[in-house]
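Residue numbers (the numbering used here): 6 to 277. Beta carbons: idealized from backbone N, C-alpha and C, even for Gly. Below: one structure, written as structure tokens.
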Amino acid sequence: MYAFTLERPANAVDAAKLAAAGAKPLAGGQTLLAAMKLRLSSPGQLADLSGIQALAGIRREGNAFVIGAMTRHADVAINAELKAALPALAGLAAHIGDRQVRAMGTLGGSVANNDPAACYPSAVLALGATIHTTMRKIAADDFFLGMFATALNEGELITAISFPTPRRAAYMKFKQPASRFALVGVFIAQFDAGVRVAVTGAANGVFRHKGLEEALNQRFTLQAAAAVKIDASALNSDIHATAAYRANLISVLTQRGVTQALGQASVGLSKI
Ligand SMILES: Cc1cc2nc3c(=O)[nH]c(=O)nc-3n(C[C@H](O)[C@H](O)[C@H](O)COP(=O)(O)OP(=O)(O)OC[C@H]3O[C@@H](n4cnc5c(N)ncnc54)[C@H](O)[C@@H]3O)c2cc1C
Numbered sequence: 006m007y008a009f010t011l012e013r014p015a016n017a018v019d020a021a022k023l024a025a026a027g028a029k030p031l032a033g034g035q036t037l038l039a040a041m042k043l044r045l046s047s048p049g050q051l052a053d054l055s056g057i058q059a060l061a062g063i064r065r066e067g068n069a070f071v072i073g074a075m076t077r078h079a080d081v082a083i084n085a086e087l088k089a090a091l092p093a094l095a096g097l098a099a100h101i102g103d104r105q106v107r108a109m110g111t112l113g114g115s116v117a118n119n120d121p122a123a124c125y126p127s128a129v130l131a132l133g134a135t136i137h138t139t140m141r142k143i144a145a146d147d148f149f150l151g152m153f154a155t156a157l158n159e160g161e162l163i164t165a166i167s168f169p170t171p172r173r174a175a176y177m178k179f180k181q182p183a184s185r186f187a188l189v190g191v192f193i194a195q196f197d198a199g200v201r202v203a204v205t206g207a208a209n210g211v212f213r214h215k216g217l218e219e220a221l222n223q224r225f226t227l228q229a230a231a232a233v234k235i236d237a238s239a240l241n242s243d244i245h246a247t248a249a250y251r252a253n254l255i256s257v258l259t260q261r262g263v264t265q266a267l268g269q270a271s272v273g274l275s276k277i
């Protein structure tokens, strides 16, 4: 690594000041520290967010779950209320990477990083979540701007993400077996207002699939999903999979996700 200084701010206000002055936020370090070791990233100063207790935790607010940016994947995975009301999100966290990655990696780090094969961005987008920052609130539809790019300004920190609870949801991931990132992942959420489908791993960033959404709005069945032709022309081909293979995965994972969503008891927050 290149030399750097490390600050440990005690609260989000101090962290925001450091970030505004050019410090790079450090969350779980699962991406950032590796990038620094490879000298792909060379921040002069890190602002370690791990001591800021207000940034971690899961609470219910009306029909939504508000999850702090510094909440570790392992804590999302085991939260009993979340598992009961929004099992697709808890299950997504439970299958990120390996035990060590889940113990250290955070929601805010994952979403700020916006790796095109990461799992959380698809949940944020499909659930129509709201990203709370030190400056404003950003709708999921406006947040993800392509590979490793987001609407965050320089020095702007994610403080929490608010996830509305859908009627039904499912996340299906086909793992890249070495990294366990998504070769393709599909998050499906059915709300009273309609169905949202977000795909990760298949292209240069997470995206909503309008064709699948329209079909599932007509009939929320695996047959409706299966009838949608997935266009491979905008999808990635690499050593792991061709674009055609990824297109097929989107279709198959959506069908499986619809089946799982229909099979699981839909527990609305009001009934708990
Ligand atoms: C072996 C391995 C396997 C993995 N498998 C998966 C997987 O299956 N699915 C998956 O989704 N992910 C996977 N990941 C990614 C991992 O889960 C982390 O989410 C990811 O590495 C970043 O989170 P972090 O908390 O470690 O952030 P860091 O590495 O600390 O930070 C990442 C970036 O986000 C910025 N940042 C951090 N917090 C904030 C904030 N609050 N506000 C603004 N910017 C911020 C940092 O400055 C940095 O640029 C894997 C990682 C590894 C190493």
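Would you say residue i touches ligand 1, meaning its beta carbon is less than 7 Å from a heavy atom?
i: HIS245; result: no
i: LEU72; result: The amino acid at residue 72 is misidentified as Leu; the sequence shows Ile. No, ligand 1 has no heavy atom inside 7 Å of this Cβ.
i: VAL76; result: According to the sequence shown, residue 76 is Thr rather than Val. Answer for THR76: no, Cβ out of range of ligand 1.
i: LEU248; result: One detail in the question is off: residue 248 reads as Ala in this sequence, not Leu. Answer for ALA248: no, Cβ out of range of ligand 1.
i: ASP103; result: yes
i: GLY151; result: no
i: GLN58; result: no
i: LYS142; result: no
i: ARG13; result: no
i: LEU37; result: yes
i: PHE186; result: yes
i: SER115; result: yes
i: ILE63; result: no
i: VAL41; result: The question names Val, yet the displayed sequence has Met at residue 41. Checking the Cβ of MET41 against ligand 1 gives no.
i: ALA32; result: yes
i: MET6; result: no
i: GLY49; result: no
i: LYS22; result: no
i: THR279; result: Residue 279 lies beyond the residue range present for the chain, which begins at 6 and ends at 277; the question has no answer from this structure.
i: ILE163; result: yes
i: GLY27; result: no
i: VAL204; result: no
With distances taken between CB atoms, is the gap from residue i to residue j smaller than 8 Å?
i: ALA203; j: PHE192; result: yes
i: GLY168; j: ALA134; result: Note that residue 168 is Phe in the sequence shown here, rather than Gly. Contact: yes.
i: PHE70; j: THR170; result: yes
i: ALA252; j: ILE235; result: yes
i: LEU43; j: LEU37; result: no
i: ALA156; j: ILE166; result: no
i: THR111; j: GLY56; result: no
i: GLU218; j: VAL189; result: no
i: ALA59; j: ASN119; result: no
i: GLN35; j: GLY114; result: yes
i: GLU12; j: LEU54; result: no
i: THR247; j: PRO126; result: no
i: MET81; j: ALA93; result: Note on residue identity: the sequence assigns Val, not Met, to residue 81. For VAL81 and ALA93, no; Cβs fall outside 8 Å.
i: PHE179; j: LEU258; result: yes
i: GLY73; j: ALA61; result: yes
Between residue i and residue j, how many whole angstroms is the CB-CB distance? I'm expecting something under 8 Å.
i: MET109; j: ARG77; result: 7 Å
i: ALA79; j: ARG107; result: 4 Å
i: ALA266; j: ALA145; result: Actually they do not touch by this definition, with Cβ atoms about 19 Å apart.
i: PRO48; j: LYS29; result: 4 Å
i: THR139; j: ALA21; result: 4 Å
i: LEU132; j: PHE149; result: Not a contact, Cβ separation roughly 13 Å.
i: HIS214; j: ILE255; result: 7 Å
i: ALA232; j: GLN260; result: In fact, because the Cβ distance is near 10 Å, the residues do not count as touching under 8 Å.
Is any non-hydrogen atom of ligand 3 found closer than 7 Å to the C-beta of residue i, if you look at the structure I gave you?
i: TYR125; result: Inclusion of ligand 3 in the displayed structure is not the case, the ligand content consisting of ligand 1 alone.
Worksheet item: Is it a yes or a no for the region 199 to 210 touching the region 238 to 258, going by three-plus beta-carbon pairs under 8 Å?
Response: Yes: at least three Cβ pairs fall under 8 Å.
Worksheet item: Which full runs of the beta strand (DSSP E) of 3+ residues lie inside the region 13 to 93, going along the chain?
Response: Listed in chain order, they are 29 to 31, 50 to 53, 63 to 66 and 69 to 73.
Item to complete: Examine the Cβ distances between the region 180 to 194 and the region 92 to 111 and report whether three or more of them are shorter than 8 Å.
Response: Yes, the region 180 to 194 is in contact with the region 92 to 111.
Worksheet item: Mind pulling the alpha helix (DSSP H) runs of 4 or more residues that sit fully within the region 126 to 164?
Response: Whole alpha helix (DSSP H) segments, 4+ residues: 145 to 148.
Worksheet item: What are the start and end residues of each continuous beta strand (DSSP E) run of 3 or more residues lying completely inside the region 193 to 261, in chain order?
Response: Counting whole runs of 3 or more residues, the region 193 to 261 contains the beta strand (DSSP E) stretches 199 to 205.
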